[in-house]
Amino acid sequence: MQAEAAATPVKAVKVTFTAGFSRRYTDSIREFEIQAKNIRGVIRAMNDLFPGLGETLEEETSIAIDGVIHEVDYTQPVKPGSEVFFIPRIEGG
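Mapped onto my numbering, the consecutive letters of the sequence shown carry residue numbers 1 to 93.
Okay, structure coming up:
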């Protein structure tokens with residue numbers, strides 16, 4: 001009999017956007033609670049809710065998890081109860 005691989009539990013995380021970003025992309029909804037194991041899962045879940053948003057999140061934002069800004073690493077795990085904050089990138093000119 002083969003042993004089955006243990007399923008990795010999917011975690012509930014809080015996703016937060018700035019007011020301006022939420023007005024533009026999420027019908028002014030600033031906070032969401034979603035199920036995800038890592039940042040890639042967070043982006044996919046948001047894209048499922050708002051088609052096309054995933055690409056915008058990847059190209060136009062930085063990511064803070066529990067108040068710590070992270071390098072772009074879509075495999076970065078998220079813990080149960082973590083807050084993921086998408087920060088619009090500042091463009092210079």
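Think of the CB as a built atom: it goes at the ideal place given N, C-alpha and C, for glycine as much as any other residue.
Residue of the options minimising C-alpha distance to residue i
i, options, result
"P88", "H70, S82 and I63", "I63"
"L57", "E33, R40 and E91", "R40"
"R24", "G52, E83 and N38", "G52"
"D48", "F32, E60 and V78", "F32"
"G67", "E83, E55, G54 and F50", "E83"
Span separating the alpha-carbon of residue i from that of residue j
i, j, result
"E71", "V15", "17 Å"
"M46", "Y74", "14 Å"
"F86", "K37", "17 Å"
"G20", "E60", "13 Å"
"V78", "T18", "20 Å"
"F50", "I29", "11 Å"
"T26", "R44", "14 Å"
"V13", "E91", "28 Å"
"E55", "G81", "25 Å"
"V42", "I34", "7 Å"
Beta-carbon proximity check, residue i vs residue j, cutoff 8 Å
i, j, result
"I69", "Q76", "no"
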